[in-house]
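Novice: Mind looking over this structure? Questions follow.
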């Protein structure tokens, strides 16, 4: 029998990443979510 994984739904979290421009916030999120890193990434345009 399974270890009860069907009884424990995944938890959802909301995070806010704050910081100066060009410090790697988007790269950190991309690395965590997709386990990839893009050396040719174009900087996010902020306000």
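In our numbering, the protein residues as written are 14 to 60.
Ideal Cβ positions, reconstructed from N, Cα and C, are used throughout, including at glycine.
Source: prediction; values computed, not measured.
#1: Return helix, strand or coil for residue 46, following the three-state DSSP convention.
#2: Secondary structure at residue 35, three-state DSSP: helix, strand or coil?
#3: Can you look up residue 21 in the DSSP assignment and give me helix, strand or coil?
#4: In whole angstroms, what separates the C-alpha of residue 39 from that of residue 29?
Specialist: On the basis of the data shown:
#1: helix
#2: coil
#3: coil
#4: 11 Å
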